[in-house]
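Asks: Encoded as structure tokens, here's the structure I'll be asking about.
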Amino acid sequence: MKRFYALIALSLLTCLKVLAQTGDLQLAQQYNLNGEQQKAFDIYQKLYKQDNENYYSYYVNSLISLKKFDEAENITKKLQKKHPTDYQYTVVLGRIYREQGNTAKADEVYDNLIKNLPPDQSLISSLAAEFYQAENAEYAIKIFLQGRKLLHNDQLYTMELINLYRYKRDKEGLTNEYLNFLPANPGYLNQAENIFATVYEGEGDYNVLKFELLKRIQKQPEVTIYADLLTWQYMQQKQYDQALNQALALSRRRDDKGSSIYELCRTLTGDGAYDEAIRGYNFIIEKGTKEDPYYIPSKIDLIDVKNLKITSGKYTNADLLGLEQDYANLLQEFGRNASTAFAMQRMANLQAFKLHKYKDAQKLLQETINLPNLRPQLLSACKLDLGDIYLMDNQPWEATLVYSQVEKANPGTPIGQDATFRNAKLAYYTGDFTWAKGQLDVLKAATSQLIANDALNLSLMITDNTTFDTTGNALRMYARADLWIFKEQQEKALTTLDSIDKKYSGNSLADDILMAKARIYIQRKDYPTAVTALKQIAEDHKFDLWADDAVYMLGDIYENQLNDKVQAKTYYQKIITDYPGSLWINEARKRFRLLRGDKPDSSS
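Counting with mature numbering (1 follows the signal peptide of the UniProt record, and there is no 0), you get residues -20 to -1, 1 to 584 for the letters of the sequence shown.
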């Protein structure tokens, strides 16, 4: 019985000791957080003397931070001698020498460790991890590379090395590691592309990748993953013609029925490389048959790209009629069904917005809506387009009926909110400002940021211009001009805008009129005149509704249309400094940083 009580007493004493040590450790850590390093050191020293191995790491780190290097070296060597196969002490010893400034001695310790490294895969991993935790990525890499040699396997530790090269921003090491890894692991291609995009900083880096890829393609022409990566590299450098040439050659080798070319053409279209996209779609059409899965989509997309190419520049009515005939030929060849519904929708929009053939467009969209098996999303989109065309054709009741159908069928969704917004704009166009504002105020909380922003701006404009002019006559005239802009009948819009001041002098629409004119000039691709109007808003109406929009639009025009990066950066910075509450703030900050040449965030 006495022995039993003695064991209980011993256990209680042990528990009390552990609790006391835990409390001391927490207190020391708090002292460290407060910057009281000496007080923390005193506790760590006491704990180390009680149980040196368990509290070694705390104590030695405290010694190093207080530059007590001799004591740190002394205790580390003792434990190293006691545990010769526990390499953590060797890693810390090298760290002590580095902290002293004796890098040669530290490297000697580490090089010795690498020289005597045992061929143990698990040990090598844990040892490299210790180097990384000691903020010595260089030797963590050396450990892994030596491990490969000892274990006679060049595929070991690939992901670990990729992460270390990325952490060090060692672009050459990262590139070669991925290029060695990808042939056997093609599923990692997208990951490699994403990481290269975050690490590479300019044309020089991409040229290094291109050189290495061309060298490997010459040695290993059967490894098609290198050709895929080369296509991506050309795309990053906007060398679209070479990207397409590379992809075409690869598609011929793979005989993939044009699947890779089709995806590339969609990317080329998004980047505005219309000529290359047209060449790619023609390749699929010429090599394929109606039974091939990408044949019909390529025919449709080819006309759409031609549409974008023509309407993005200067065009004639003959160009538009030629496009209309292309759509008609396609529908005659493949029929009017759910597979060609996109072409029917786009042909109707061309007829309405560019050729002003409202009746033809209405008939075609109604036919599209009545097609069986039409996807619900496309059905709603066609109904919204039909509502727009009714509005342009002076049939507001028909327009609101169609918008309301979409709104009812899609409650709480972005497309349903879009329908609500179009109904509100219709009321605004027709001068029913009270009803329009009620709808717009609800849409301020829309899930779509774009709709919420547009709703907020229109609501504020109605408020600003009906508070003192309760008749709203000047605003009604402005809304008519806005409707002409929507119809892309720019001369009528400009004439109406110029008449507002003559008919209603003293109105409060000066900045609104300037913004409307800027939108017309942008429609016309007359960017210098648009800049003049936007600058007038930014300088003379800097506290009014459209000020931040005008400043952001100036940045965008200078960056993407006038190729003046310096001016673009100035206007993006102005958003950041002068309009911190603007909805454009995040995008302006991102664009400013890119133009300034900031390195991408390596964690992204």
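Ideal placement from N, C-alpha and C gives every residue a C-beta, glycine not left out.
Does the distance from the CB of Ala518 to the CB of Ala530 come in under 8 Å?
Replies: Along the sequence shown, read from residue 1 onward, the residue named residue 518 stands at position 538. Along the sequence shown, read from residue 1 onward, the residue named residue 530 stands at position 550. Yes, they are a contact pair.
Asks: By Cβ distance below 7 Å, which residues in the same chain neighbour Cys(-6) in space, the five residues on each side in sequence not counted?
Replies: The residue you call residue -6 lines up with position 15 of the sequence shown. Only weak support exists for where Cys(-6) lies, its pLDDT of 44 falling under 50; the coordinates are left without a value.
Asks: Would DSSP call Gly252 helix, strand or coil?
Replies: Here residue 252 refers to the residue found at position 272 of the sequence shown. Coil, per DSSP.
Asks: Residues in its own chain within less than 6 Å of Tyr69 by CB, not counting five upstream and five downstream?
Replies: What you label residue 69 is simply residue 89 of the sequence shown in a count that begins at 1. Thr56, Leu59 and Gln60.
Asks: For Ala473, tell me which candidate among Gln200, Tyr409, Asn487 and Asn445 has the shortest Cα-Cα distance.
Replies: Within the sequence shown, numbered from 1, the residue matching residue 473 stands at position 493. Answer by Cα proximity: Tyr409.
Asks: Could you tell me which whole alpha helix (DSSP H) segments of length 4 or greater appear in the segment 366 to 421?
Replies: Listed in chain order, the complete alpha helix (DSSP H) runs (minimum 4 residues) inside the segment 366 to 421 are 376 to 389 and 394 to 409.
Asks: Counting pairs of Cβ atoms below 8 Å between the segment 223 to 240 and the segment 250 to 269, do you hit three or more?
Replies: Taking 8 Å as the limit for Cβ pairs, the verdict is that the segment 250 to 269 does touch the segment 223 to 240.
Asks: Let's see if you can read the secondary structure: which residues bound the alpha helix (DSSP H) around residue 620?
Replies: Here the chain covers residues -20 to 584 and nothing more, so residue 620 does not appear.
Asks: If you follow the alpha helix (DSSP H) that Phe448 is part of, which residue opens it and which one closes it?
Replies: Residue 448 sits at position 468 when you count from the first residue of the sequence shown. From DSSP, Phe448 is part of no alpha helix (DSSP H); its letter is neither H nor E.
Asks: Look at Ala568 and Tyr532 and say whether their C-beta atoms are less than 8 Å apart.
Replies: Within the sequence shown, the letter at position 588 stands for residue 568. Within the sequence shown, the letter at position 552 stands for residue 532. Contact: yes.
Asks: Quick check on Arg234: buried or exposed, where buried means 16 or more other Cβ atoms within 10 Å of its Cβ?
Replies: In the sequence shown, the residue the question calls residue 234 occupies position 254. Label assigned to Arg234: exposed.
Asks: Less than 8 Å separating the beta-carbons of Leu244 and Ala227?
Replies: Looking up residue 244 in the sequence shown gives position 264. Looking up residue 227 in the sequence shown gives position 247. Their beta carbons are under 8 Å apart, which means Leu244 touches Ala227 by this criterion.
Asks: Just how far apart, CA to CA, sit Gln469 and Thr204?
Replies: Against the sequence shown, residue 469 aligns to sequence position 489. Against the sequence shown, residue 204 aligns to sequence position 224. Cα to Cα, the separation comes out at about 51 Å.
Asks: Suppose only complete runs of 4+ residues qualify. What are the alpha helix (DSSP H) ranges in the segment 159 to 220, listed by chain order?
Replies: Counting whole runs of 4 or more residues, the segment 159 to 220 contains the alpha helix (DSSP H) stretches 169 to 179, 183 to 199 and 204 to 216.
Asks: Counting Cβ pairs closer than 8 Å, one from the segment 41 to 55 and one from the segment 64 to 80, do we hit at least three?
Replies: Flag = yes, the segment 41 to 55 and the segment 64 to 80 touch.
Asks: When you compare the CB positions of Tyr307 and Met327, do they come within less than 8 Å of one another, or not?
Replies: Reading the sequence shown from its first residue, position 327 is the one you call residue 307. Reading the sequence shown from its first residue, position 347 is the one you call residue 327. Going by C-beta atoms, Tyr307 is nearer than 8 Å to Met327.
Asks: Assign Leu(-8) to one of two classes, buried (16 or more other C-beta atoms within 10 Å of its C-beta) or exposed (fewer than that).
Replies: For the purposes of this step, residue -8 is taken as residue 13 along the sequence shown, with counting starting at 1. Because Leu(-8) carries a pLDDT of 41, less than 50, the predicted location of this residue cannot be relied on, and the following value inherits that uncertainty. Leu(-8) is exposed by the Cβ-count criterion.
Asks: Quick one: using the 10 Å Cβ neighbour count with 16 as the cut-off for buried, is Thr451 buried or exposed?
Replies: Residue 451 sits at position 471 when you count from the first residue of the sequence shown. Classification for Thr451: exposed.
Asks: Going along the chain, which unbroken runs of the alpha helix (DSSP H) with 4 or more residues stay wholly within the segment 286 to 364?
Replies: Runs found: 297 to 314, 321 to 329 and 338 to 349.
Asks: Using DSSP with H/G/I as helix, E/B as strand and the rest coil, what is Phe523?
Replies: The count along the sequence shown starts at 1 and reaches residue 523 at position 543. If DSSP states are grouped into helix, strand and coil, Phe523 belongs with coil.
Asks: For the segment 366 to 385 against the segment 401 to 420, do three or more pairs of beta-carbon atoms, one drawn from each stretch, fall closer than 8 Å, so that the two count as touching?
Replies: Yes, the segment 366 to 385 is in contact with the segment 401 to 420.
Asks: Three-state secondary structure (DSSP) at Pro64?
Replies: Here residue 64 refers to the residue found at position 84 when the sequence shown is read from its first residue. DSSP places Pro64 in coil when its eight states are reduced to three.
Asks: Rounded to whole angstroms, what's the CA-CA distance from Thr400 to Leu364? Just pull it up for me.
Replies: Numbered from 1 along the sequence shown, position 420 holds the residue referred to as residue 400. Numbered from 1 along the sequence shown, position 384 holds the residue referred to as residue 364. Distance between the alpha carbons of Thr400 and Leu364 is about 10 Å.
Asks: Please report the distance separating the alpha-carbon of Lys148 from that of Arg355.
Replies: Numbered from its first residue, the sequence shown carries residue 148 at position 168. Numbered from its first residue, the sequence shown carries residue 355 at position 375. Each residue's alpha carbon lies about 49 Å from the other.
Asks: What does the alpha-carbon distance come out to for the pair Asp558 and Tyr552?
Replies: Position 578 of the sequence shown holds residue 558. Position 572 of the sequence shown holds residue 552. Near 10 Å, if we compare the C-alpha coordinates of Tyr552 and Asp558.
Asks: Output yes or no for whether 8 Å exceeds the beta carbon distance between Glu118 and Ile142.
Replies: To locate residue 118, count along the sequence shown from 1; it is residue 138. To locate residue 142, count along the sequence shown from 1; it is residue 162. The answer is no: Cβ separation not under 8 Å.
Asks: For Gln101, report the span of its alpha helix (DSSP H) as first-last.
Replies: As a first step, residue 101 is located in the sequence shown; it is residue number 121 there, counting from the start. Gln101 to Gln113 is the extent of the alpha helix (DSSP H) around Gln101.
Asks: Quick one: measure Cβ to Cβ for Leu288 and Thr247, integer angstroms, because I've assumed they're closer than 8 Å.
Replies: For the purposes of this step, residue 288 is identified with residue 308 of the sequence shown, where counting begins at 1. For the purposes of this step, residue 247 is identified with residue 267 of the sequence shown, where counting begins at 1. Between Thr247 and Leu288 the Cβ distance is about 14 Å, and since that is not below 8 Å, they are no contact.
Asks: Relative to the C-alpha of Leu282, which residue among Leu310, Ala298, Gly293 and Asp299 is closest?
Replies: Taking the sequence shown and counting its residues from 1, one reaches residue 282 at position 302. With distances taken between Cα atoms, Leu282 lies closest to Leu310.
Asks: Using three-state DSSP, classify Gly15 as helix, strand or coil.
Replies: The sequence position of residue 15 within the sequence shown is 35, counting from 1. Correct three-state label for Gly15: coil.
Asks: Alpha carbon to alpha carbon, how far is Gln30 from Lys19?
Replies: Residue 30 sits at position 50 when you count from the first residue of the sequence shown. Residue 19 sits at position 39 when you count from the first residue of the sequence shown. Answer to the nearest angstrom: the Cα atoms are 17 Å apart.
Asks: For a test of the three-state rule: what should DSSP assign to Leu141, helix, strand or coil?
Replies: Working through the sequence shown from its first residue, we reach residue 141 at position 161. Leu141: helix per DSSP, three-state reduction.
Asks: In terms of residues, what are the limits of the alpha helix (DSSP H) holding Trp464?
Replies: Locating residue 464 in the sequence shown gives position 484, counting from the first residue. Asn453 to Phe466 is the extent of the alpha helix (DSSP H) around Trp464.
Asks: Alpha helix (DSSP H) containing Gly127: first to last residue?
Replies: Working through the sequence shown from its first residue, we reach residue 127 at position 147. Per DSSP, Gly127 belongs to the alpha helix (DSSP H) from Ala117 to Leu131.
Asks: For Cys362, I'd like the list of residues in its chain whose CB is within less than 6 Å of its CB, leaving aside the five on either flank, ordered along the chain.
Replies: Sequence index remark: in the sequence shown, residue 362 carries index 382 (1-based). Counting only Cβ-Cβ distances below 6 Å, and skipping sequence neighbours, we find Gln325, Leu345, Thr348 and Ile349.
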